[in-house]
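Participant:
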Amino acid sequence: MPSVASHLRELSLDNSVGEKLMSMPRLEYGPLGHRSMHVCVDMQRLFAEPSDWATPWITRVLPQIERLLEKRAQQTVFTRFVPAQKPGQGAGTWRRYYQRWSSMTIDNIGPEMVDLLPALAGYCPPATVIDKHIYSPWFESHLRALLVERGIDTLVITGGETDVCVLATVLGAIDFGYRVVLVTDALCSSSDATHDALLTVYHQRFAQQVETVEMETVLSNWN
Numbered sequence: 041m042p043s044v045a046s047h048l049r050e051l052s053l054d055n056s057v058g059e060k061l062m063s064m065p066r067l068e069y070g071p072l073g074h075r076s077m078h079v080c081v082d083m084q085r086l087f088a089e090p091s092d093w094a095t096p097w098i099t100r101v102l103p104q105i106e107r108l109l110e111k112r113a114q115q116t117v118f119t120r121f122v123p124a125q126k127p128g129q130g131a132g133t134w135r136r137y138y139q140r141w142s143s144m145t146i147d148n149i150g151p152e153m154v155d156l157l158p159a160l161a162g163y164c165p166p167a168t169v170i171d172k173h174i175y176s177p178w179f180e181s182h183l184r185a186l187l188v189e190r191g192i193d194t195l196v197i198t199g200g201e202t203d204v205c206v207l208a209t210v211l212g213a214i215d216f217g218y219r220v221v222l223v224t225d226a227l228c229s230s231s232d233a234t235h236d237a238l239l240t241v242y243h244q245r246f247a248q249q250v251e252t253v254e255m256e257t258v259l260s261n262w263n
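Residue numbers 41 to 263, in this note's numbering, belong to the letters of the sequence shown in order.
1. Could you check the C-alpha separation between Phe-325 and Gly-73 for me, to the nearest Å?
2. Can Ala-226 and Val-101 be called in contact, C-beta distance under 7 Å?
3. Under 8 Å, with one C-beta from each stretch per pair, do the region 169-178 and the region 113-125 reach the 3-pair mark?
4. Could you pull out every unbroken beta strand (DSSP E) segment of at least 3 residues lying fully inside the region 80-126, listed in chain order?
5. Measuring straight from C-alpha to C-alpha, what distance separates Asn-148 and Met-255?
6. Given this structure, state the Cα-to-Cα distance separating Ala-124 from Val-253, to the nearest angstrom.
7. Pick from Asp-92, Gln-114, Phe-87, Met-83: whose alpha carbon is nearest that of Ala-104?
8. Among residues of its own chain, excluding the 5 on either side of Gly-130, which ones have a beta-carbon nearer than 7 Å to its beta-carbon?
9. Quick check: the region 150-159 against the region 197-214, are at least 3 beta-carbon pairs closer than 8 Å?
10. Rank Thr-116, Pro-90, Leu-259 by C-alpha distance to the C-alpha of Ser-230 and give the top, closest one.
11. From the DSSP output, read off the bridge partner residues of Pro-219.
12. Once DSSP output is grouped into helix, strand and coil, what is the label at Thr-133?
13. DSSP three-state call for Ile-174: helix, strand or coil?
14. At which residues does the alpha helix (DSSP H) containing Thr-202 begin and terminate?
15. Mark Arg-135 as exposed unless 16 or more other C-beta atoms lie within 10 angstroms of its C-beta, in which case mark it buried.
16. Please classify Arg-140 as buried or exposed, where buried requires at least 16 neighbouring CB atoms within 10 angstroms.
17. In three-state DSSP terms, what is Leu-238?
18. Between the beta-carbon of Ala-208 and the beta-carbon of Pro-166, is there less than 7 Å?
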């Protein structure tokens with residue numbers, strides 16, 4: 041027969057576990073499951089290495105993204121932004137864009153700069169890679185078809201930039217009716233001011249569609 045002391049010790053351990061579970065951060069609209077997909081936006085060499093598009097703190101968020109990939113590589117889609125081949129190429133205002141950013145065309149930077157960061161490339165496969173030539177991944181690529189095929193209803197979004205390609209990804213996801221979970225400590229931008237401004241917009245103006253949380257919350261709520 042267990043002693044009173046051992047019984048109290050077991051109760052204490054049970055309470056400790058219960059308190060730990062209660063203190064774990066929760067997602068407002070419930071846990072993530074098999075119908076969730078991680079979309080990692082444009083974590084590429086052309087944004088990490090010295091260039092006119094360098095995002096200085098891309099390497100700061102990389103470890104957080106790797107934490108998620110270690111558990112969810114099979115449920116991950118990487119998008120890659122592919123610049124125009126030559127200066128002045130593109131439809132409409134994209135022509136002017138690549139006149140302004142002629143230094144970032146493929147002819148000038150080399151096709152290898154489109155590659156994912158080396159630390160992430162090793163997760164493909166099982167992760168999927170989707171290329172795009174514009175900010176949004178919803179028009180040119182088969183992303184939508186892939187998500188429909190897999191029965192996905194929730195997107196966990198990381199990557200960059202918060203105020204450009206992530207923004208386009210989020211707004212398209214909202215329009216298609218996806219639940220969006222933005223991982224705030226796994227997002228980056230070359231502009232601190234607009235990064236902060238967009239996080240405020242996501243949190244305050246899209247609260248029914250978008251949850252803004254840190255990686256620890258995602259990891260502890262994805263079953």
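Cβ coordinates follow ideal geometry from the N, Cα and C atoms, glycine included.
Facilitator: Once the coordinates are examined:
1. Nothing can be reported for residue 325: it is not among the residues displayed for the chain, which extend from 41 to 263.
2. Looking up residue 226 in the sequence shown gives position 186. Looking up residue 101 in the sequence shown gives position 61. Cβ atoms of Ala-226 and Val-101: closer than 7 Å.
3. Yes, since at least three Cβ pairs between the region 169-178 and the region 113-125 fall closer than 8 Å, the two stretches touch.
4. Scanning the region 80-126 from its first residue to its last, the whole beta strand (DSSP E) runs of 3-plus residues come out as 116-121.
5. Taking the sequence shown and counting its residues from 1, one reaches residue 148 at position 108. Taking the sequence shown and counting its residues from 1, one reaches residue 255 at position 215. Met-255 has its alpha-carbon roughly 36 Å from the corresponding atom of Asn-148.
6. Mapped onto the sequence shown, residue 124 falls at position 84. Mapped onto the sequence shown, residue 253 falls at position 213. Roughly 34 Å separates the two Cα atoms.
7. The sequence position of residue 104 within the sequence shown is 64, counting from 1. Reading off the sequence, residue 104 comes out as Gln, not Ala. The closest CA to that of Gln-104, considering only Asp-92, Gln-114, Phe-87, Met-83, is found on Met-83.
8. Reading the sequence shown from its first residue, position 90 is the one you call residue 130. For Gly-130, where only same-chain residues beyond five positions count, the Cβ hits under 7 Å are Ala-124, Tyr-137, Tyr-138.
9. By the criterion of at least three beta-carbon pairs nearer than 8 Å, the region 197-214 is not in contact with the region 150-159.
10. To locate residue 230, count along the sequence shown from 1; it is residue 190. If we check each option's Cα against that of Ser-230, Pro-90 comes out closest.
11. Start at 1 with the first residue of the sequence shown, and residue 219 comes out as number 179. In the sequence under discussion, the amino acid at residue 219 is Arg, which differs from the Pro named in the question. Paired residue(s): Thr-194.
12. Translated into the one-based positions of the sequence shown, residue 133 becomes position 93. Looking at Thr-133 - three-state DSSP - the assignment turns out to be helix.
13. Sequence index remark: in the sequence shown, residue 174 carries index 134 (1-based). Ile-174 falls in the coil class under three-state DSSP.
14. As a working mapping, residue 202 is identified with position 162 in the sequence shown. Counting along the chain, no alpha helix (DSSP H) covers Thr-202, and no H or E run does either.
15. As a working mapping, residue 135 is identified with position 95 in the sequence shown. Label assigned to Arg-135: exposed.
16. Walking along the sequence shown from the start, residue 140 turns up at place 100. So Arg-140 counts as exposed.
17. Within the sequence shown, numbered from 1, the residue matching residue 238 stands at position 198. Assignment of Leu-238 by DSSP, reduced to helix, strand and coil, places it in the helix class.
18. Against the sequence shown, residue 208 aligns to sequence position 168. Against the sequence shown, residue 166 aligns to sequence position 126. Between Ala-208 and Pro-166, the C-beta spacing is not below 7 Å.
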